[in-house]
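Structure record follows, encoded as structure tokens.
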Amino acid sequence: MRSYFTLFSLSIILSFLITPIIRRKALIWGAVAVPDTGRHIHQQPTPRLGGVAIFISFILTLLLVPFLGNLVTDIFNANLTKLLGLLLPATLIFLFGIYDDFRGATAPLKVIFQLIATALIFYAGYRIENISSPFGGYWHLPMILSFPLTALWIVGITNAFNLIDGIDGLAAGASVFALLSILIFSIAQGNPEISIISLILVGAVIGFLRYNFNPATIFLGDSGSLFLGFMAASLSLAGSQKGSTLVAIAIPLVSFGLPVMEVGLSLIRRFVSGQPLLAGDSGHIHHRLLQLGLNQRQAVILLYAVCAMFSLFGLMLLNPQRNIAALIFFVLGAGVVFGVQHLRYAEFSELGSQIMQGVTRRRRSLAVNVRVRRTSDDLSKAETPEHFFQALDEMLSTNEFDCALLDLSTPSPVFESHALRCRSRLAGLLDGNYVWIWDRDETPLEEIIHSDQYWTLRVPLWEEQGLLLGHITFYRKILHRAPTVDIGHLCGSLQRELSSAISRMSDELAVR
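Counting in the numbering used here, the sequence shown runs from 11 upward without gaps.
Pasting the structure below:
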């Protein structure tokens, strides 16, 4: 225990001392975040490269472990190959982050490097190999499935921490809570080498937070956020190797709740609003909190509390009883819904409205569209004008329309003489065409046609040889609720069967 405390304290002290040095060097080297009018919210040019201070402090403390000469040293030496399999890919991500801080990198290039690092760490044995079965036990995944799932987890979490690095101290603080969860879980599962790595990294981040908390004098930078995200994702896989498959997946997923939620919300927001999924924006959770009136300190402290809550719930899953797990996920789900509502995202407000409308309209829409399909079927079998008009009348009575007008370009006495009188009337000649009118409240047709209070759908009716038979026009008051009928049915099957029935019955009358 004393060795653990020594390593933890040393990493804090080293980070505390090294960070000001890196800050000065970043100013000299020009690795500075300049304020702009985009999604950056800082007011003064601020050095990046905070990840360099964390990385150096972490590595220097780690190099001390072999010289402790106790059980911690023995554990470290026994797992040296495994730890190198973690540290080498993490170093690759760190170096790429430095490049990104100086030169900038596109999103596809970031993903490519992250996939390369994932392949290396997968080869070293850090992977998702088993998935819990709902029938008990677990499924062992073949490599063709194991690697994509591992890549999805590591790339997703790595970028999740990068996404939340938008206000002073948020990404670094969130990584502390995530790493503490991994630390406790690895101790509980008997992975001392993972607990050593996690503890040292937590200390390095805490020492850095002294300079990164608002008002920050140095930023984490991509070198820091990508490195911490990659380490957290990889350590969570290593720390769960001895746990049950349900616990192995659930605890990191819940403990990383804030960055995971940020990724999910960002992807949904951009998809709903039609933006590129990988494009940056100013709609992240921390941005919304600032727009709602919180200052940076208030926002980050609130989000620290959210991280602590997620970590606590994640660790509660160490006792993976079904009733406890179900309660935890229910509470978390309710909390996420409550939080998103109070963030007042326009995208989610509209999405929620559409979902609620969909629930209430689905049954009615189904009934209306079924009626249109049945009408098309009835028209295909109609042998007389009576059957023809009856089918139309039944469809129009579904409350989707206020008026309908069937006008035929050529004289059709058969329809004129047999037009039904149920909620319909034959208007005779209108602009030289024979017309049949259906209306709901007997509003004069001329008033409907010249009114701005109706939307109109005019569907042409064509004979197979290309002759225009006429049109059917549907009218609906604009002030009514949105129509539930599928316009595709009206312009598709109904149009074809109307045209076919008119042509068929006119031909039969001509033969007689």
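Yeah, the Cβ is synthetic: ideal placement off N, Cα and C, and Gly gets one too.
Boundaries of the alpha helix (DSSP H) in which residue i is found, first to last residue
i	result
residue 482	Note, residue 482: premise wrong, no alpha helix (DSSP H); beta strand (DSSP E) at 478 to 487.
residue 161	153 to 173
residue 226	Neither: residue 226 is in no alpha helix (DSSP H) and is coded neither H nor E.
residue 84	81 to 88
residue 299	295 to 301
residue 184	180 to 199
residue 304	Note, residue 304: premise wrong, no alpha helix (DSSP H); not H, not E.
residue 130	117 to 133
residue 499	497 to 501
residue 455	455 to 459
Residue i, DSSP secondary structure in three states
i	result
residue 491	coil
residue 44	coil
residue 56	strand
residue 287	coil
residue 468	strand
residue 392	coil
residue 314	helix
residue 26	helix
residue 177	coil
residue 138	coil
residue 111	helix
residue 449	strand
residue 14	helix
Contact set for residue i: own chain, Cβ-Cβ below 6 Å, skip 5 residues either direction
i	result
residue 316	268
residue 253	Reliability fails at residue 253, whose pLDDT of 48 lies under 50, so the model's placement of it is uncertain and the value that follows must be treated cautiously. Closer than 6 Å at the Cβ level, and outside the excluded window around residue 253, lie 199.
residue 413	449, 458, 485
residue 176	294, 296
residue 357	279, 282, 283
residue 164	128, 243
residue 134	95
residue 106	123
Contact set for residue i: own chain, Cβ-Cβ below 7 Å, skip 5 residues either direction
i	result
residue 495	378, 379, 382, 410
residue 186	212, 215, 216
residue 270	170, 263
residue 178	222, 223, 224, 225, 226, 306, 310
residue 41	57, 58, 59, 111, 112
residue 299	309, 312
residue 276	173, 294
residue 508	389, 471, 482
residue 166	273
CB of residue i within 8 Å of CB of residue j, strictly
i	j	result
residue 463	residue 479	no
residue 230	residue 182	yes
residue 28	residue 66	yes
residue 467	residue 453	no
residue 108	residue 233	yes
residue 188	residue 174	no
residue 261	residue 375	no
residue 245	residue 204	yes
residue 63	residue 266	no
residue 86	residue 206	yes
Cβ neighbour criterion (16 or more within 10 Å) applied to residue i
i	result
residue 352	exposed
residue 456	exposed
residue 324	buried
residue 321	buried
residue 465	exposed
residue 18	buried
residue 393	exposed
residue 417	buried
residue 10	Residue coverage of the chain in this structure runs from 11 to 522, which leaves residue 10 outside it and unanswerable.
Residues near residue i by beta carbon distance below 8 Å, same chain, minus five either side
i	result
residue 168	103, 124, 236, 239, 240, 243
residue 130	95, 98, 99, 102
Host beta strand (DSSP E) of residue i (start-end)
i	result
residue 327	Segment: none, residue 327 is in no beta strand (DSSP E) and carries neither H nor E.
residue 415	413 to 418
Min CB distance residue i to chain C below 8 Å
i	result
residue 197	Protein chain content of the structure displayed is limited to a single chain, and chain C is not contained in it.
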